[in-house]
Amino acid sequence: MAYVDGLVSVLIPLYNRAKYIDETIVSALKQEYSHIEIIVVDDGSTDGGDKLVEVYCKDYPVTLYRHPGNVNLGQSISLNLAITKARGEFIAILDSDDIFLPNKLSEQVTFLRENPNVDLVYGMGYGVNAEGEVVYEILCEAHEEKNDPNRVLLDCYFHLPVSSLLRRKVFDLVGGFDESLRAGQDHDMQVRMAEKIKLGFLPRRVYHYRRHGDSISSTGLERRWRNANIILDKAVKRFNYRTETVRKRRAIINFRLAQVLWTQKTNRIEAVRRFIYSGLLDPLRALRVITRQEKIK
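Right, dumping it as structure tokens:
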């Protein structure tokens, strides 16, 4: 496929977000940078959100795709379909309940134009609640991008979908989203990209990341953290990460999974075992948590 110079393809995977999808699409349409196409892939929605998207397809550069039989196949498959349909030189991924601030694409396109050695740029944002009220800030101007894959693997410090703009060729280099993952696929992609390309940081607020009870980040937490172990194992086979990084990441994964299992009361015996294992992997951090020198969110 021949890509269109300067065109930004905004990819939106949609699944049961009728409450938010209008605001999400409008945030993309109201960008200061107008050379865009919006590709929505409905992943078997049952709440009518796909019907709301159809209205935009009539008068705006919005295209809606559905899976055969309107089945739910997962976000990875939906995004990979959107990538195959994208014609843009640049790709922006927007979850169907998040928001682009008006300056996002204009400033990030300019950044990539001015920094041809950078293939992905991300910015600062705000975490908002279900009503769109700002709850916290995401990153600050003092943040530095050091282009160390170890740091990305360990901390997952930027939101790959909503915070970022990347060159289309990146997917040719690293491949699509892992379709075997129904949670954590964003972190997997983030890690794989950091292993292959140069990242850039734009110290500007460019997005709203919405947290609510129905968000993927709030549901399916057990699956997400179990997948995190799978993602880590694959990463270790692909790239020569520092032993310390792998050990500390595994400690985090086991601690977070233990938290979920304990809170949800699904398997408290496993939770205790994983708490202990996490402490053995990173005893200094465990001590800081126990003595409340470090707060756990």
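Heads up: take any position in the sequence shown, counting from 1, add 3, and you land on the numbering used here. Where is the CB? At the ideal position from N, CA and C, for every residue including glycine.
Limits of the unbroken alpha helix (DSSP H) element including residue i
i	result
Glu-198	188-199
Ala-95	Segment 91-96 is the beta strand (DSSP E) holding Ala-95; no alpha helix (DSSP H) there.
Val-2	Absent from the structure is residue 2, since the part of the chain shown begins at 4 and ends at 300.
Val-155	152-158
Val-165	163-166
Asp-285	Premise fails: Asp-285 is in no alpha helix (DSSP H) and is neither H nor E.
Leu-67	It is not in any alpha helix (DSSP H) - Leu-67 instead sits in the beta strand (DSSP E) that spans 65-69.
Glu-26	24-32
Ser-109	107-117
Lys-88	78-88
Extent of the continuous beta strand (DSSP E) to which residue i belongs
i	result
Asp-8	7-17
Thr-246	Looking at the DSSP string, Thr-246 is not in any beta strand (DSSP E); the run it does join, the alpha helix (DSSP H), is 246-267.
Phe-204	202-213
Glu-140	137-141
Arg-185	From DSSP, Arg-185 is part of no beta strand (DSSP E); its letter is neither H nor E.
Glu-40	39-45
Residue i versus residue j: straight-line alpha-carbon distance, rounded
i	j	result
Leu-123	Ile-200	8 Å
Asp-151	Ile-256	20 Å
Leu-17	Ser-48	7 Å
His-215	Ala-186	17 Å
Leu-84	Ser-281	38 Å
Phe-174	Ile-293	42 Å
Leu-67	Val-13	12 Å
Leu-205	Val-155	17 Å
Thr-266	Ala-274	9 Å
Ser-221	Cys-159	Confidence is the limiting factor: at Ser-221 the pLDDT is only 47, short of 50, which leaves the residue's position unreliable, though a coordinate-based value still follows. Their backbone Cα atoms lie some 17 Å apart in a straight line.
Ile-86	Asn-19	21 Å
Reduced DSSP category for residue i - H, G, I as helix; E, B as strand; rest coil
i	result
Asp-122	coil
Tyr-280	helix
Leu-169	strand
Leu-242	Checking the sequence shown, residue 242 turns out to be Phe, not Leu. The answer is coil: DSSP assigns Phe-242 none of H, G, I, E or B.
Phe-103	strand
Val-275	helix
Phe-174	helix
Ala-21	coil
Those residues which DSSP pairs with residue i across a bridge
i	result
Gly-128	Ile-141, Tyr-210
With a cut-off of 8 Å, do at least 3 Cβ pairs link the segment 221-232 to the segment 259-269? yes
Using 8 Å as the Cβ pair cut-off and three pairs as the minimum, do the segment 123-139 and the segment 42-58 touch? no
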